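Under our numbering, the residues of the sequence shown are numbered 21 to 298, in order. Beta carbons are placed, not taken as given, at the ideal position from N, Cα and C, and that holds for glycine. Nothing here was measured: the structure is a model prediction, and the numbers come from that model.
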Amino acid sequence: MSRFAIEGRTYRVIPQAADDFRLSGSNLSQYYVRSLSGQMIPLSSVISVSTIVQPNVRSQYQQLNSITIQGMMMPPNTLGDGLQFLEQELKNIAPKGYRAGYEGESRRYVQEGNSFLFLFGASLILIYLVLSAQFNSFRDPLVVLVSVPLSLFGALLPLALGWETLNIYTQVGLLTLVGLIAKHGILIVDFANRLEQEGKDRFEAVAEAATMRLRPILMTTFATVLGVLPLLLANGAGAASRFAMGLMIAAGMCVGTLFTLFVLPTFYPRLGRAQSSQ
């Protein structure tokens, strides 16, 4: 309507009615405007009022108009199940030309989730090759790696119970668990090889090795579980991701340790390389 200047700056004058006169669209009928003849006429005689629904924000994704769907997966459903469901529903209900994009955890899952099996297999191969060089044998590393599927069973148990879902953070925890649990098998196999070289029977050697290495194995497990305890008790921003990784490591180490002590010795006489006595 007008402008005014203060301290060298010009500001627009924007009139506004009091709160009581702008609570609803029907209040517009109480306003009057001046016609060309100078008479005051009600505003309702020159305009019509209708109520429509529109989004309060027009968001964009990659310079395209978009809407954002947010949700949280309930166990036992995984993030992959949720994304697959949404993609299928989008094909059924969305008009032609619409497509799906991903943000946040979903984006990381789509970009990196397909590479989990490759990374997991590559980690097993790398550990096997390193152990083969350490033991100078292609059979002893197989005994060590027996503890890996056993620990994975323990790590996946919370997922089956609905405590967590399979996502990028639990996958990172599973990859970390492979390297941690392999140390238990190394302790038993290495000590059993030494006892066998001293002339002891293979069954006797692995039984004594499991007994003698019990304390170091338990200490390693307790230290690892206590190390990830802050991840399990974390709160605030990022607590969900830290809890997922910590849960995989803690559950896998606890269950994997028990299986390693009782199951791995039964594989040593059958898979391990015979050691010549000295």
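- Closest by C-alpha distance to F140, out of E218, G193, G117, R128, is G193.
- The criterion of a C-beta distance shorter than 8 Å is not satisfied by N97 and T241.
- Across the structure, Q83 and K111 are spaced so that their CA atoms are roughly 22 Å apart.
- Listed in chain order, the alpha helix (DSSP H) runs fully inside the segment 141–176 are 160–164, counting runs of at least 4 residues.
- Residue state for R214 is assigned as helix, using DSSP reduced to three classes.
- Within the same chain, and ignoring the five residues on either side of G199 in sequence, the residues whose Cβ sits closer than 8 Å to its Cβ are S143, I147.
- The segment 68–98 is shown to contain no whole alpha helix (DSSP H) run of 4 or more residues.
- A227 carries a helical assignment under DSSP once its states are collapsed to helix, strand and coil.
- Between G272 and A175 the beta-carbon gap is near 3 Å, inside 8 Å, which marks them as a contact.
- Per the DSSP secondary-structure output, S22 pairs in a beta bridge with V33.
- Taking C-alpha positions only, L278 is separated from V150 by approximately 25 Å.
- Scanning its chain for C-beta atoms nearer than 6 Å, with the 5 sequence neighbours on each side dropped, one finds around Y189 the residues S261, A264, M265, in chain order.
- Put simply, the backbone Cα of H204 is about 40 Å away from that of Y122.
- Taking all protein chains shown into account, R119 has fewer than 16 neighbouring C-beta atoms within 10 Å of its C-beta and is therefore exposed.
- Per DSSP, the continuous alpha helix (DSSP H) segment holding P236 begins and ends at 234–252.
- Between L253 and the set A270, M239, L238, I237, the nearest pair of CA atoms involves A270.
- Boundaries for P289: no beta strand (DSSP E) harbours it, while the alpha helix (DSSP H) harbouring it runs 284–291, taken from the DSSP string.
- Annotated three-state conformation of P115 is coil, per DSSP.
- Taking each of F155, L246, L195 in turn and checking the Cα distance to R214, the smallest one comes out for F155.
- Between R222 and E228, the C-beta gap is not smaller than 8 Å, which leaves the two residues out of contact.
- Within the DSSP bridge table, the entry for M273 names no partner.
- By DSSP's assignment, P62 forms a beta bridge with Y52.
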